[in-house]
Every structure is written in C-alpha cells, then in structure tokens.
Amino acid sequence: MVISITRTYFPDGTNGRLECEGKFICNTIELPWKNNETKVSCIPEGKYFIKKRYSKKFQWHLEVLGVKNRSLILFHPANNALRELNGCIAPVTKLSGPGLGLMSRKAFAKLKELVYKALDKGESVELIVKS
Numbered sequence: 166m167v168i169s170i171t172r173t174y175f176p177d178g179t180n181g182r183l184e185c186e187g188k189f190i191c192n193t194i195e196l197p198w199k200n201n202e203t204k205v206s207c208i209p210e211g212k213y214f215i216k217k218r219y220s221k222k223f224q225w226h227l228e229v230l231g232v233k234n235r236s237l238i239l240f241h242p243a244n245n246a247l248r249e250l251n252g253c254i255a256p257v258t259k260l261s262g263p264g265l266g267l268m269s270r271k272a273f274a275k276l277k278e279l280v281y282k283a284l285d286k287g288e289s290v291e292l293i294v295k296s
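In the working numbering, the protein residues as written are 166 to 296.
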C-alpha cells in the first residue's frame, strides 16, 4: 500500500494532504522545514516505510522508518505543530492555520485503522512525502 502526503510549506508550519491511492484520508500538520534539524524541522521529502510502534505515551501508533539522520519520527495526534511535535507528523481532520489543525485523534484513528489493516495482512506500507 502507498500513502502520500502533498505538502504546503509556511514559516510557522507545514500543512499536508494525506491520500491513499488517490483517495483523501485526512490532512496533516508538521513543523516548518528547517533543513531536517532534529526536533525543529519536518522530515525531508522522499520515500519511507511505516511500521507499528507502541509506547506508554502514545499507545499504538505509527513510526516512519529510514529518515536520514533522524529517529523516532512518528504519526501521532496533535493539533499544534510548534507546541506538540518534535519532527513527527500529526493527522488532523481539519486545517485551522499553518501547522494547526482540529480533531487530530479522529483523523489519527482513521489513518491507523487503514495502515494497521494493510500491515496485518503482511503488506508493506510506503509513505511518499512531496510538495
């Protein structure tokens, strides 16, 4: 399965449109682009793979693998990129400004269900990030 994020960059955050094989799933928010600096930048555009991950903080969520010079890039709920993200990607139901969104938990649940279904069937899940 292939999912893609098409980004729009702003000084205060990055907004995206997440699709699976051409079908809209949800919007995304991320930190602004700052040359892939740890904890302050969104990740570079490119192709990555996604796997399931569990932590006490986020319970079951998604991890983006193979990000150059970065680790623990996650998909998890957040509504304000600058306040709640350290380089991760937050699915949101609705965008409310650059790096800002609404109803993140709802969008995250939808994305997680879609991705987990594919992973449980043994499929790989590829993420393409572009502008």
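Don't be surprised by glycine CBs; every beta carbon is placed ideally from N, CA and C.
With fewer than 16 other CB atoms across the displayed protein chains lying within 10 angstroms of its CB, Leu-267 is exposed. Taking Ser-220 as reference, the option from His-241, Lys-204 and Ile-208 with the minimal CA-CA separation is His-241. Beta bridge pairing from DSSP links Ile-293 with Ser-169 and Lys-212. Non-local C-beta neighbours of Arg-235 in its own chain, meaning closer than 8 Å and more than five positions away in sequence, comprise Asn-201, Thr-203, Ile-208 and Gly-252, ordered along the chain.
Runs of the beta strand (DSSP E) lying entirely within the segment 200 to 276 and spanning at least 3 residues, in chain order: 211 to 220, 224 to 230, 238 to 240, 255 to 257, 259 to 262 and 265 to 267. Closest in alpha carbon position to Val-290, among Phe-273, Leu-239 and Ile-215, is Ile-215.
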